[in-house]
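Remarks on the structure that follows.
Residue numbers (this note's numbering): 1 to 241.
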């Protein structure tokens, strides 16, 4: 065969490989840029989501500003505007001796029963703040989730029923300011995998954003398993002095 034939054949193979490479890179870029269709405004995390190493490390290493020793003295104030508030960094419930670090959570895309959805990455140490919820002391609903079974299980007292209405929750932001919330309700355990449409709608209501300043804690239930979720609702009271 002639030299021209070999040259033409090599060029054709080169163009084919280049085309395949271009299509592959384009597909990868599309996957990276593709919006996560199932990420809702306020996704509710499964109670049994395994934490990522990054999230757990963040929770252990995040410095927490000093908070007041007691919230017995509370200045009744209006909640902050959303653009004036900071992320929560520490959560305490004095009545049960709970004192934990709060870190913002990440999430990943997964598939459940053929449906593309998201799952929160809860930290093993401390609890996780939903970064698409309200900030500490601001108008809206601050949503915080924690393990009751895995890691240091900070929300085990919630699963055991130790948190009751009327108790104070202290939420300190990243600048060291502490806000006081008072528990108004503790939900009945809500099923996860077997939840009806009505139960799913109720769970969504607990994490919904509104015009009032609220705090919602989410824990798995019971303390030895994760078949259900438990929601603790609290209202904004003021600033701890």
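C-beta atoms are modelled at their ideal positions from N, C-alpha and C, and glycine is treated no differently.
Less than 6 angstroms between C-beta atoms, sequence neighbours within five positions excluded: which residues of the same chain meet that for residue i?
{"i": "residue 249", "result": "This structure cannot speak to residue 249, because the chain is shown only from 1 to 241."}
{"i": "residue 209", "result": "140 and 141"}
{"i": "residue 148", "result": "155, 156, 159, 219, 220 and 223"}
{"i": "residue 188", "result": "none"}
{"i": "residue 129", "result": "88, 102, 104 and 144"}
Please look up how many angstroms separate the CB atoms of residue i and residue j, rounded, as I've assumed it's under 8 angstroms.
{"i": "residue 168", "j": "residue 123", "result": "With 8 angstroms as the limit, residue 168 and residue 123 do not qualify as a contact, their Cβ atoms being about 24 angstroms apart."}
{"i": "residue 100", "j": "residue 157", "result": "With a Cβ gap of about 11 angstroms, residue 100 and residue 157 do not count as contacting."}
{"i": "residue 89", "j": "residue 173", "result": "6 angstroms"}
{"i": "residue 91", "j": "residue 127", "result": "6 angstroms"}
In chain order, what residues of the same chain lie with their CB nearer than 8 angstroms to the CB of residue i, ignoring the 5 residues before and after it?
{"i": "residue 203", "result": "44, 190, 195, 229 and 231"}
{"i": "residue 82", "result": "134, 135, 138, 139 and 140"}
{"i": "residue 184", "result": "165, 233, 234 and 235"}
{"i": "residue 131", "result": "87, 104 and 105"}
{"i": "residue 177", "result": "86, 136, 137 and 239"}
{"i": "residue 182", "result": "166, 167, 168, 169, 234, 235 and 237"}
Residue i: buried (16+ other C-beta within 10 angstroms of its C-beta) or exposed?
{"i": "residue 192", "result": "buried"}
{"i": "residue 75", "result": "exposed"}
{"i": "residue 163", "result": "buried"}
{"i": "residue 243", "result": "Because the chain is modelled from 1 through 241, residue 243 falls outside the range shown and cannot be assessed."}
{"i": "residue 226", "result": "buried"}
Give me whichever residues DSSP pairs with residue i in a beta bridge.
{"i": "residue 75", "result": "239"}
{"i": "residue 233", "result": "216"}
{"i": "residue 111", "result": "116"}
{"i": "residue 93", "result": "98"}
Could you name the residues of the same chain whose beta carbon sits closer than 7 angstroms to that of residue i, not counting the 5 residues immediately before and after it, in chain order?
{"i": "residue 80", "result": "137 and 138"}
Inside the segment 128-203 only - beta strand (DSSP E) runs reaching at least 3 residues: Entirely contained in the segment 128-203, the beta strand (DSSP E) runs reaching 3 residues are, in chain order, 140-146, 168-173 and 178-186.
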